[in-house]
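As C-alpha cells, the structure follows; a few thoughts come after it.
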Amino acid sequence: MKKEQVLNKLVKYLVAENREIEVKDIPSDYMKKRKLLRALMNIRDAEPIDSDILELHDELLSEETKEKNPVDPYKLPTAYEVFKGTKISFPEKLVLWQGDITSIAADVIVNAANSKLLGCFVPMHRCIDNAIHSAAGIELRLECNEIMQKQGFDEPTGDAKITNAYNLPSKYVLHTVGPIIYDKLSEDDRRLLASCYTSCLNKASEYEDIKTIAFCCISTGEFRFPKNIASQIALNTICNWLKTNPDRFHRIIFNVFTREDYNEYANLLR
Numbered sequence: 001m002k003k004e005q006v007l008n009k010l011v012k013y014l015v016a017e018n019r020e021i022e023v024k025d026i027p028s029d030y031m032k033k034r035k036l037l038r039a040l041m042n043i044r045d046a047e048p049i050d051s052d053i054l055e056l057h058d059e060l061l062s063e064e065t066k067e068k069n070p071v072d073p074y075k076l077p078t079a080y081e082v083f084k085g086t087k088i089s090f091p092e093k094l095v096l097w098q099g100d101i102t103s104i105a106a107d108v109i110v111n112a113a114n115s116k117l118l119g120c121f122v123p124m125h126r127c128i129d130n131a132i133h134s135a136a137g138i139e140l141r142l143e144c145n146e147i148m149q150k151q152g153f154d155e156p157t158g159d160a161k162i163t164n165a166y167n168l169p170s171k172y173v174l175h176t177v178g179p180i181i182y183d184k185l186s187e188d189d190r191r192l193l194a195s196c197y198t199s200c201l202n203k204a205s206e207y208e209d210i211k212t213i214a215f216c217c218i219s220t221g222e223f224r225f226p227k228n229i230a231s232q233i234a235l236n237t238i239c240n241w242l243k244t245n246p247d248r249f250h251r252i253i254f255n256v257f258t259r260e261d262y263n264e265y266a267n268l269l270r
C-alpha cells in the first residue's frame, strides 16, 4: 500500500476514535496531514488499538525511519580523533554528535522523560520526549503505561526505565526523569542529574546486546538546568562510571541538538 493511502487510513482511524478534539477538515496536503497524524498520536491515551491499524502505523513509521538513513554510531569520530591531545578519560569511547537522536542506530537512546513516563501529550511539542515517542510510535506509550501501572507511582527523579524502541533505529529506549530547576540550582539538583546518567548506565549494562548508548542533554531544555553545568556533570559522571566499568560499552555518545550544546561539550572535551 502506498504511503499516502496508509496515512489516510491512520488519520481516519485516529480522528474517529479521538474524544478530545473535533477535527472538521482533514488537509489534502501530505505534510499537513502527516503533522495531523503526529498530533493525534501525541494526544492519544495509552489505550488498545486495532491490530490492523497498528500494522499500518508500523509500516509507515518504519519506512520513515529508513528514509532518515540511520547513523551508524561506529562511523562517528571519537573524542580521541576529533580533540587531539585531550586529557579526558576514555576518549576512544566518547563521541560528540549533533543531530536528531531518532535517527541514530545506537543500541539504546536516552529519553528525557517526565515523571508520568508516558511521553509528551502536547501536540507537536518540540521537546525530545515528544520527538522520540512520535518516531517510535503508539506502542512505546503502551509499554510505558504497562510499566507505570505495575509500579503504581510516578517515576522518581534520577531513576531510569528501559523499553523497546519499536520503529526507531535503536533497539531500546532508556527513560529518565531529570531535575526541574525552578529557582537557584541546588546541590540536590546536581546530585539528581548525575543520578540520571548513572541510572541509565547501570540499567543499560544489564543488557548484553547494548554496546552503544546515545545520551540526550538531560534536563537542559524544558527543565531549565544550566547547560554548562549539565555538560560537566554528564561528562564527569560517565567518565567516573567507566573507571569501574572500563570494558562495558564501545561507544557513549553525547547527542546534542543545538550548536550551543555542541560548544559546551566541545570545550570540555578539548
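The sequence shown lines up with residues 1 to 270 when you count with UniProt numbering. Ideal Cβ placement from N, Cα and C applies to all residues, glycine included.
Have a look at the DSSP bridge pairing and note the partners of residue 164.
172
On the DSSP bridge assignment, give the partners of residue 212 in chain order.
251
For residue 161, count neighbouring C-beta atoms within 10 Å of its own C-beta (all shown protein chains included) and say buried if the count is 16 or more, exposed if not.
buried
Residue 79 - partner residues in DSSP beta bridges:
Bridge partners of residue 79: none, in fact.
Where residue 185 falls: helix, strand or coil (DSSP):
coil
Between 221, 231, 171, which has its C-alpha nearest residue 197's C-alpha?
231
Grab the span of the alpha helix (DSSP H) containing residue 15 for me, first residue to last.
3-17
State buried or exposed for residue 265, treating a residue as buried only when at least 16 other CB atoms are found within 10 Å of its CB.
buried
Whole angstroms is fine: what's the gap from residue 37's alpha carbon to residue 1's?
18 Å
Take residue 120 and list the residues in its own chain whose beta-carbon comes closer than 7 Å to its own, dropping the five residues that flank it on each side.
42, 127, 129, 130, 133
With 16 as the cutoff for other CB atoms within 10 Å, does residue 84 come out buried or exposed?
exposed
Do the stretch 74-89 and the stretch 49-61 touch if we need at least three Cβ pairs shorter than 8 Å?
no
Complete alpha helix (DSSP H) runs within the stretch 222-266 (minimum length 4 residues, chain order)
227-244
Which of helix, strand or coil DSSP assigns to residue 101
helix
Collapsed DSSP secondary structure at residue 145 in the structure displayed:
helix
So, using beta-carbon positions, are residue 210 and residue 110 closer together than 8 Å?
no
Between the CA atoms of residue 4 and residue 236 - distance to the nearest angstrom:
47 Å
Could you round the C-beta distance between residue 166 and residue 139 to whole angstroms and report it? I think they count as a contact, below 8 Å.
5 Å
Buried/exposed call for residue 16, threshold 16 Cβ in 10 Å:
exposed
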